[in-house]
């Protein structure tokens, strides 16, 4: 019997939670993986303006049009748990960003936001956000679900028998692309 065969019962069991979650959470199906909803993360040290600024900065630096705020919020949650020295760096950076905007950076249109943010590129503030975001944005189950990453394969028998040769999203290569030895 084929181990990959999907029975009606397996299909119902696997999809019921996702479909139900998509109906309950307007943020979308990935938001159902978030422990507290799309943007219901509790902040312990930052105010909502600081958190929203960091979220929008992360979205601008790492743009994924269909990636939900719940995934970007994990970066903010990590930054909110920073030690006092890094928290001070972040708060001063947000003040500097708002000052460079002539008001609130969040009130600017996207092209102006990008221009102001680019002026801070290379600063310790910018690098702290970028280096935290590159890890926390992409190394979580919600991002894995969005990008289609199925996780490590070692515990499931490795890639040779699970996914090594199942490339279905590209056209088949020509015969001369991989000639036989």
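Residue numbers (the working numbering): 6 to 186. Glycine included, each C-beta is placed from N, C-alpha and C at the ideal position.
Segment limits, alpha helix (DSSP H) that includes residue i
{"i": "residue 122", "result": "115-124"}
{"i": "residue 92", "result": "89-105"}
{"i": "residue 159", "result": "Careful: residue 159 lies outside any alpha helix (DSSP H) and carries neither H nor E."}
{"i": "residue 129", "result": "129-141"}
{"i": "residue 146", "result": "146-152"}
{"i": "residue 57", "result": "53-66"}
{"i": "residue 109", "result": "First-last for residue 109: undefined, no H or E at that position."}
{"i": "residue 77", "result": "74-85"}
Anticipated Cβ contact below 8 Å, residue i with residue j, distance rounded
{"i": "residue 88", "j": "residue 49", "result": "Not a contact, Cβ separation roughly 12 Å."}
{"i": "residue 47", "j": "residue 95", "result": "Not a contact, Cβ separation roughly 17 Å."}
{"i": "residue 138", "j": "residue 66", "result": "6 Å"}
Close-in-space but distant-in-sequence residues of the same chain around residue i (CB under 6 Å, 5 per side omitted)
{"i": "residue 1", "result": "This structure gives no information on residue 1, because the portion of the chain shown stretches from 6 to 186."}
{"i": "residue 113", "result": "106"}
{"i": "residue 148", "result": "76"}
{"i": "residue 56", "result": "48 and 81"}
{"i": "residue 44", "result": "Because residue 44 sits at a pLDDT of 46, beneath the cut-off of 50, its placement in the model cannot be relied upon, and the following sentence gives the value as read from the coordinates. Same-chain partners within the cutoff: 74 and 78."}
{"i": "residue 128", "result": "none"}
Residues near residue i in its chain [Cβ-Cβ closer than 7 Å; skip 5 each side]
{"i": "residue 64", "result": "77"}
{"i": "residue 110", "result": "58, 102, 103, 118 and 121"}
{"i": "residue 61", "result": "111"}
{"i": "residue 91", "result": "133"}
Own chain residues within Cβ distance below 8 Å of residue i, not counting five before or after
{"i": "residue 145", "result": "76 and 79"}
{"i": "residue 164", "result": "158"}
Closer than 7 Å: residue i CB and nearest the ligand FAD heavy atom
{"i": "residue 105", "result": "What this structure holds is no ligand at all, so the ligand FAD is not there to describe."}
* Is there contact here, the stretch 109-120 with the stretch 78-93, by at least three beta-carbon pairs under 8 Å? -> no
- Message: I'd like to know if the stretch 91-100 and the stretch 172-182 are in contact, where contact means that at least 3 CB-CB pairs between them fall below 8 Å.
- Response: These segments do not touch.
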